[in-house]
Amino acid sequence: MKQELVSVLAGNAFAMGDAQGDMEAHPCAPIGLFSFDTRFLSRWILTVDGERLHSLSRDDLTYYETRYVLVPGAASHYVDADVSVIRHRSVGEAFHEQITVLNHSAEPADFIVRMEIGSDFADTAEIRHPAPRRPVATADSEQRELRIRYRRGRFTRETRVSSTAPVEVDQQGMTFRIRVDPNGAWHTELHVRMIIQGAGERDLRSDIEAHRQQVRRSMRDDLDRWLDQAPQLVAERQPLAAAYRQALTDLAALRYTPLAYAERVPVGGLPWAMTLYGRDALITCLETLPFTPELTPPTLRMLALAQGGQLDDYHDEEPGKILGELRYGEAAAFDEEPTALYYGAADTTPLFVVLLDEYERWSGDADLVRQLRHPARMALNWLTEYGDPYGDGYLRYQPRNTVNGLANQTWRNSPEAIVDRHGVEPPFPRATAELQGYAYDARIRGARLARECWDDPEYAERLEADAARLRERFNRDFWLPQRGYYALALTPDGEPVDALTSALGHLLWSGIVEPERADSLAAHLCGPDLFSGWGVRTYAEGQRPYNPVGAHLGAVWPSDNALVAAGLRRYGYDAEAARIAAGVLGVAETLGGSVPEVIAGYPRRVTKYPVQLPAAGRPQSWASGGLLMLVAVMLGLRPCGDNLLVDPAIPAGYGRIELLDVPGRWGRADSYGRERDSRRRLRAGTRDAA
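Dropping the structure here:
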């Protein structure tokens, strides 16, 4: 695609089109109007007197709303155009477009305004090659409505387009024959409902007709409330304050309510991951606890509700396993893809326990911990019963679904991601290093919950003993003394996969690393092979598979770097953590707008500018959450009983940073820090909870 793509989004609904606002399906990008993994509009093209329109300007009002100012004809006609068009677009529970035609002449003018409308009801999984479908279009000029319906067995999706102005409706679109007074204006509003039909022909997305006129106002109120409830960042460095607000706004945009569920949880991100991913949601919540803790309880409850309860090879399901992906498209509905409820993730289950404990530390919400006792214990049991197929104490993964399941079931989930420094893939089942760190951390945290919230000291002692054995075994088997770092993984025979990767930072974050080895890890993480200047690469330079544009073979992920920086601070490497935070924040400040999911791993001294990858999502929940986590890392925020501990490590050039009204079990507390100021401050609950 050569043209700029422009999107509006809200939850998991989004519309993506060109710079003029037109949407025309293309195999290289998810263009159209989407919701719940189905494209409801694949053609949405506006013409005036048969001519396509060209953009004069665009105003992106907020994530769910944008405005285009357009004129017909070629660019040479702009200077004396007698007519211009304004398209005001928004998306919420439905898609809305207000069209205004302005007559700039001194005489009345007649125009034919046409909106071409079509839907292929493609599944997001098949955008490159949509399957042929035969939707039925019904035109109703009297009701000013075009209905396009697709049915396959129990799977029914429908697009309904209605107009507020008189219109001629046919099966391919709507035609308005209008007269506009001298220097006058004509308006219509087009409303697009995206219907997912359930039992009894009920719309599972709910009937929003009564809320049409309120949707934009209520979304503004919702965003204002979201931003008001989050801590206020006061920074001498203005680009940091702008990046912080943008990250909060992105997180607001990326909340949705799964069908048959009552609360909003984070989706992965635009455009390919507009649904619930267990890993992304858990890490996003871990990143944002000091800022938007309200994301966490519904996420934990939703994942507990969908927790695995049986052995199902096709969906990679096992009792106690936490969900990897939830989709609602046609391929999922008919099990052509295993994604209706897909459990092909080995890290979601320990991370579920990690988040549950970390949330209680911040919030003091022991009631939720008690409510989720059974799912948490099932998750901890899974680590041993199903996650350890060899019985040697290591968490391993091997896809049960060998047809279309994921091969790599960690966050490094691209097919070629797990390789040694020579490019050799280890056989299955694979025991990757960060999985052992997560499993260790989950057991330590599960033990605390068992002792303090579940009144089960015997279970706590058993978990602590298992954790101690895992730590001892891990530090013996994964350590590469000649290289001074831990292996990326172990083969089934116990041979180390000797690649140098950013997984070292995850190990520090988990606490599984022996303190005397942390010096070496910190040196590697901030050395030239891993640190690009913009952040830590997933895979170190100097190894045969290294590729700066390879997602997991050398690119830089803000979410990955947030955990790396947090791990360095955990072991006392404040300067190194600050350096990484400054690199990633530099990406956000340089690019402006939403922080991208991933950038290329080229050295900063070479490119001078963050190089974005074409397939990278933006915005992404765990990228935006990662930026917030880096602010917390710089300030050294962590709960300490009923107090907030603040231990700043601010990078050079950032001056003074204040984070006001940090929510937690202390109510609301303020934190602040200045560059080169690492004095520890303990601020008790200085303000009552709002």
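Heads up: the sequence shown at position 87 corresponds to 85 in this note's numbering, and the numbers run straight through without jumps.
All residues carry an ideal CB built from backbone N, CA and C; glycine is no exception.
Nearest to E587 by alpha-carbon distance, out of A344, M376 and Q244, is Q244. Annotation: G671 to V89 spans about 40 Å, alpha carbon to alpha carbon.
Ranked by how close their Cα comes to the Cα of Y341, the residues Y326, L249, V547 and G307 have G307 in first place. Three or more pairs of CB atoms, one per stretch, sit closer than 8 Å, so the stretch 325 to 338 contacts the stretch 398 to 415. Within the same chain, Cβ atoms closer than 6 Å to the Cβ of Q195 are found at T154, the five residues on either side in sequence being excluded. The DSSP assignment places 30 to 33, 36 to 39, 41 to 46, 49 to 60 and 63 to 70 as complete runs of the beta strand (DSSP E) inside the stretch 15 to 85, in order along the chain (cut-off: 3 residues). DSSP assignment within the stretch 360 to 393 yields the following whole alpha helix (DSSP H) runs of 4 residues or more, N-terminal first: 364 to 369 and 371 to 383. DSSP places A183 inside the beta strand (DSSP E), whose first and last residues are A183 to I194. Sixteen is the threshold: when 16 or more other Cβ atoms of the shown chains lie within 10 Å of the Cβ of T157, as they do, the residue is buried.
Counting only runs of 3 or more residues that sit fully inside the stretch 603 to 688, the beta strand (DSSP E) segments are 636 to 638, 641 to 644, 654 to 662, 665 to 672 and 679 to 681, in chain order. Contact between T186 and I97 holds: CB atoms are separated by about 5 Å, below the 8 Å threshold. The count of Cβ pairs closer than 8 Å, one atom from the stretch 653 to 671 and one from the stretch 311 to 328, stays below three, leaving the stretches out of contact. Around the C-beta of D491, fewer than 16 other C-beta atoms lie within 10 Å, and the residue is accordingly described as exposed. Note on geometry: alpha-carbon atoms of E673 and A650 lie some 6 Å from one another. Sequence-distant partners of S530 (beyond 5 residues in either direction) whose C-beta falls short of 7 Å from its own C-beta, in its chain, are V554, G599, Y600, P601 and R602. Cβ-Cβ distances below 8 Å link L625 to A241, Y242, A245, P556, A560, V582, L583, A586 and V593 in the same chain, with the five nearest sequence neighbours on each side left out; the list follows chain order.
R41 and G116 do touch by the CB rule: their CB atoms are close to 3 Å apart, below 8 Å. Membership of G276 in the alpha helix (DSSP H) is indicated by the continuous run G276 to T286. Segment contact: the stretch 520 to 540 against the stretch 456 to 469, fewer than three CB-CB distances shorter than 8 Å; contact not assigned. Under DSSP, the beta-bridge partners assigned to N101 are V81.
For the set R132, R535, R175 and P180, the Cα lying nearest the Cα of Q169 is the one of R132. Here L349 really is in contact with L280; their C-beta atoms are around 4 Å apart, less than 8 Å.
The criterion of a C-beta distance shorter than 7 Å is not satisfied by T297 and I320. Per DSSP, reduced to three states, the secondary structure at L321 is coil, with no helix or strand assignment. Taking the Cα positions, V609 is about 21 Å away from G623. Shown here, F289 sits in coil according to DSSP, grouped into three states, outside any helix or strand. Y61 and V4 have their C-alpha atoms some 11 Å from each other. In this structure, S82 is the residue among T136, V511 and S82 with its C-alpha nearest to the C-alpha of L51. In its chain, beyond the 5 residues on either side, L505 have a beta carbon closer than 6 Å to the beta carbon of V511. Judged by DSSP secondary structure, G581 falls within the alpha helix (DSSP H) whose first and last residues are D572 to L589.
L658 sits away from V644, with the two beta carbons spaced by 7 Å or more.
For the pair D475 and R616, the Cα-to-Cα distance works out to about 39 Å. Taking each of P130, F38 and P513 in turn and checking the Cα distance to Y569, the smallest one comes out for P513. With a cut-off of 8 Å on Cβ pairs, the stretch 443 to 452 is in contact with the stretch 356 to 374, counting three or more such pairs. Taking C-beta separations shorter than 6 Å and ignoring five residues to either side along the sequence, the partners of D248 in its chain run S592, P617 and S622, following chain order. Taking C-alpha positions only, E459 is separated from R147 by approximately 59 Å.
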